[in-house]
Amino acid sequence: PRKDGNRDKGSGSLWANCGINQFHLPEEQQAQVLDGRIIIEYTELASVAARLESSPAVLLESKFEWSRLASGALRVTCPWGNAFELRQGTRADPRGKQPGDVSECLGIPELQIHVPAGSNMAGISRFYSRLIGAQVLSFEGMVRVVCGHEQILSFIELKPGIQVQHSDYHVSMYVDDFQGIYSRCEDLSLIFVNPRFKRKASTLDEAVAQCMFRVRDIVDPKAPEKGAILQLEHELRSPFQADGSQYKSCPFNDAVALNSAPDNY
Numbered sequence: 025p026r027k028d029g030n031r032d033k034g035s036g037s038l039w040a041n042c043g044i045n046q047f048h049l050p051e052e053q054q055a056q057v058l059d060g061r062i063i064i065e066y067t068e069l070a071s072v073a074a075r076l077e078s079s080p081a082v083l084l085e086s087k088f089e090w091s092r093l094a095s096g097a098l099r100v101t102c103p104w105g106n107a108f109e110l111r112q113g114t115r116a117d118p119r120g121k122q123p124g125d126v127s128e129c130l131g132i133p134e135l136q137i138h139v140p141a142g143s144n145m146a147g148i149s150r151f152y153s154r155l156i157g158a159q160v161l162s163f164e165g166m167v168r169v170v171c172g173h174e175q176i177l178s179f180i181e182l183k184p185g186i187q188v189q190h191s192d193y194h195v196s197m198y199v200d201d202f203q204g205i206y207s208r209c210e211d212l213s214l215i216f217v218n219p220r221f222k223r224k225a226s227t228l229d230e231a232v233a234q235c236m237f238r239v240r241d242i243v244d245p246k247a248p249e250k251g252a253i254l255q256l257e258h259e260l261r262s263p264f265q266a267d268g269s270q271y272k273s274c275p276f277n278d279a280v281a282l283n284s285a286p287d288n289y
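If you want the working numbering, it's the 1-based position in the sequence shown plus 24.
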């Protein structure tokens, strides 16, 4: 993990590497619980299952539980209620890695976000295809956003009567056409400034200088006046600084080379 000193102090945030991906884990009075599921891949699951079987007794008083699926994958609920599915994979993303020690897990190939029944799934699809410029695969009750190399952001419509509650967590992604995406989001008044973070961007110049900007409302570009279909904060990052050099936190080995080929982010 990065910011390991914060763990030793018992305060602050912890950045936990997961292959080229990363969890940012803030210390808060109330834990953030994703309304969805996080898919993580490992080269093998036997040692992971062994650790789960020998979990400490203190977890019995929490929401922690686990089970094995027929496919061999492991379903795990963390002590606070976050849902994970651990699968066996073959390789880590070859485009780079996060600073620090190489993680045991290979990466996060999929993040599943729950959506209330009756939501405008076609509008979610249009949000990502028209504003973000992503490839989108649409199915009955599901939208799958292709996020570069073998990674999917899925929106899954739940059955009627099941409540969906998204809190102040956010997803972060590197994008190409950074300025174009900003302009399209700005045209629909979607730029969001989160006061909890030091890095803020409310103009294009600030976004270029900070290598990031945020949006929270997922709207249908075909009918933006109808408001947010879903609120899920996105931190949209540029791999490059204003001078064209690679942004220091970007985990790619060579973002310049990646930028020369389509669909690499």
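Don't be surprised by glycine CBs; every beta carbon is placed ideally from N, CA and C. Quantities reported herein were computed from a predicted structural model and do not represent experimental measurements.
Within the model, the alpha-carbon separation for V195 versus I215 is close to 15 Å. Distance from the CA of P245 to the CA of C129, rounded to the nearest whole angstrom, comes to 37 Å.
Taking one beta carbon from each stretch, the segment 198-216 and the segment 80-89 have fewer than 3 pairs nearer than 8 Å; the two do not touch. Under the criterion of beta carbons closer than 8 Å, Q112 and L69 qualify as touching, at roughly 5 Å.
Assignment of V188 by DSSP, reduced to helix, strand and coil, places it in the coil class. Closest option to P248, judged by alpha-carbon separation, among V170, I148, V280 and I180: I148.
In the three-state reduction of the DSSP assignment, P133 falls in the strand class. N218 is bridged by DSSP to nothing; it lacks a bridge partner.
Per DSSP, the beta-bridge partners of I63 are E109 and E134.
Taking C-beta separations shorter than 7 Å and ignoring five residues to either side along the sequence, the partners of W104 in its chain run A55, V57 and K87, following chain order. Here DSSP, grouped into helix, strand and coil, assigns G147 to helix. Cβ atoms of A107 and R168 stay farther apart than 8 Å, at about 18 Å. One alpha carbon belongs to P50, the other to R223, and they sit about 16 Å apart.
Put simply, of D192, F163 and S191 the residue whose alpha carbon is nearest the alpha carbon of F179 is F163. The Cβ neighbour count for A74, taken over all protein chains shown within 10 Å, is under 16; the residue is labelled exposed. Its chain contains A266 as the residues whose beta carbon lies nearer than 7 Å to that of A233, once the 5 sequence neighbours on both sides are disregarded; these appear in chain order. In this structure, I44 places its C-beta atom within 8 Å of the C-beta atom of R119.
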